[in-house]
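What follows is a set of notes on a single structure, which appears directly below.
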Amino acid sequence: MNAQNRQMALALLLIMTLLAAYSFWFDWLFPSAKKAAQGKVVSAEQFELVLPEAAPLESERNNKGMKPAAAQSWALEQLSSNEMFLFSLYDFETGETFNHNGDVRVFPASLIKTLILLVFLDEVDEGRQCLDNLHILEKQDHYAAGNRVEGTGFLRFQPPGIEYAHWELLSLMISESDNVATNIIIRLLGKELINRRAQAYGLDETKVSRLMFERGSPASTLSTMNDLTALLVSLENRKFIEGELYRKAILLHRNAKKHRIGKYASPELVVANKIGDTSNRVADMALIYFPHRKPLALSVMIKTRDGTRISAEKNDELIARFSKYLLDYYFP
């Protein structure tokens, strides 16, 4: 190796050493930044809600939508004989409601996490919980009644000993649908309190019976599309939380995945949603904000009747198209 190449190699080694040292000290000084990079955690400073202000000119839009009844008929035509379509819609502008199988009790999958979030924020408002309190991840957090917690989220891969603020856990629960974070919040609240609040919120058909991935317990967590839409209505009407806590709740839902209700939404709209799915169902619930009218609250699910595996890709698209027809009707 000649002198010039030796100098270049030494310079490269020095640069790599400096970068490694920078990375080490950055992670040590700013551990929350590293945690945020591992999963989409909304920082405390990012809790800011901006809703649409002005509608585009009528000449700039030519989308054709469908009334709820027509969109429902279209969706039903797309289903196989083994698939069930459920939805519930509330129009804040007119007070009108529409639903199909809206009162059928089903396992709501991760849609139930919206209820858990609102109960926790309600407790914060009452001074019984604090968003800045810390939870140190423990080995038992990775289990529910002896079952390893699987599914969505990255906390299941994290070792014990890492600290997470409660607001970080809420962010992971909604934005990333993290099941370990959800179970930590459920344990902090207690299922009994969550169910008492569900009754106080008027959700008569909703009951949380299990942790996420808690198998073998006597009853499954249940709800209906009507109850879930009613929960969204209570949230938007600031019935139980308001001000900064309301803005936090909406922002966390804005950061959720948008491959169902929000997939084809116009850029002028704001979709604050929570998705849910299992091997035999796909679902989404959302508040949809318009620039020229009051919002909509929508909950929708497609499930197999016999519990066999569902085609997620096909039915994700079905929900997306159904939602597009509705949104284009209300935002022509």
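Heads up, the working numbering is the position in the sequence shown plus 43, with the first residue counted as 1.
The beta carbon of each residue, even a glycine, is placed where N, CA and C say it ideally should be.
If you're wondering where the values come from, they're calculated on a predicted model, not measured in any experiment.
query                                                                                                                                                                                               : result
Determine the burial state of Q242: buried for a count of at least 16 other Cβ atoms within 10 Å of its Cβ, exposed for fewer.                                                                      : exposed
So, at 7 angstroms on beta carbons, what are the nonlocal neighbours of L312 in its own chain, with the 5 sequence-adjacent residues on each side left out?                                         : P95, I331, Y332, F333, L370, F374
Please go through the same chain and pick out, in chain order, the residues whose beta-carbon is closer than 7 angstroms to the beta-carbon of D165, but skip the five residues on each side of it. : R240, F283, I284
CB M255 to CB S342, shorter than 8 angstroms?                                                                                                                                                       : no
Taking only the alpha-carbon atoms, compute the straight-line gap between A208 and K346 and give it to the nearest angstrom.                                                                        : 35 angstroms
Which residue's Cα is closest to the Cα of R230: E181, A326, R324, Y307?                                                                                                                            : E181
Where do the ends of the beta strand (DSSP E) carrying R240 lie?                                                                                                                                    : No beta strand (DSSP E) holds R240; the alpha helix (DSSP H) holding it covers 234 to 243.
Shortest alpha-carbon distance to R297 belongs to which of E193, N316, T351, T157?                                                                                                                  : N316
Using DSSP's beta-bridge definition, name the partner residues of G319.                                                                                                                             : A326
Tell me, please, which residues DSSP counts as bridged to A112.                                                                                                                                     : DSSP, once it has assigned bridges, lists no residue as partnering A112.
Select from F128, A329, S252 the residue whose C-alpha is nearest the C-alpha of L236.                                                                                                              : S252
The ligand MN and A326: does the residue's C-beta get closer than 7 angstroms to at least one heavy atom of that ligand?                                                                            : As far as ligands go, the structure on display features none, and thus does not contain the ligand MN.
For I353, which residues of its own chain have a beta-carbon under 8 angstroms away from its beta-carbon, when the five flanking residues on both sides are left out?                               : E126, S322, N323, R324, V325, I345, K346, T347
Pull up the CB-CB distance for L278 and A299, whole angstroms please, since I reckon it's below 8 angstroms.                                                                                        : No, L278 and A299 are not in contact; Cβ-Cβ is about 14 angstroms, not under 8 angstroms.
Please classify T157: does DSSP put it in a helix, a strand, or coil?                                                                                                                               : helix
Just how far apart, CA to CA, sit G350 and V276?                                                                                                                                                    : 30 angstroms
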